[in-house]
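Following: one structure in structure tokens, then a few remarks.
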Amino acid sequence: MTLKETQAGTMKATLEDILLAVSWADISREYFGKSNSWLYHKLDGVDGNKKPTEFSEEEKYILKGALVDLSERIRRAADRI
């Protein structure tokens, strides 16, 4: 997946290394209680009406926690092998 030049300063750009490895739909539902499109718009930095949007500080905290939780779950699964 490549990023458009307009996405350079977005959360999507920040998370580029893991974009294809993570189920963003699951994170959206499980950690935010929101739709898939809501999270994809936030990652892209543009809402459904093509207006700029970004993660609030609280949403960043939740996203960080979700990724840490996922990393711990992956580590536990790997340790069981």
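Each step along the sequence shown adds one to the number in this note's numbering, with nothing skipped, and position 75 is 76. No residue lacks a Cβ here, since even glycine has one placed at the ideal position from N, Cα and C.
Is the beta carbon of residue 19 sitting closer than 9 Å to the one on residue 68? yes
Ignoring anything shorter than 4 residues, give me the alpha helix (DSSP H) runs that lie fully in the region 17-46, in order along the chain. 25-28, 37-45
Quick one: using the 10 Å Cβ neighbour count with 16 as the cut-off for buried, is residue 43 buried or exposed? buried
Cβ-Cβ distance between residue 41 and residue 70 below 9 Å: no
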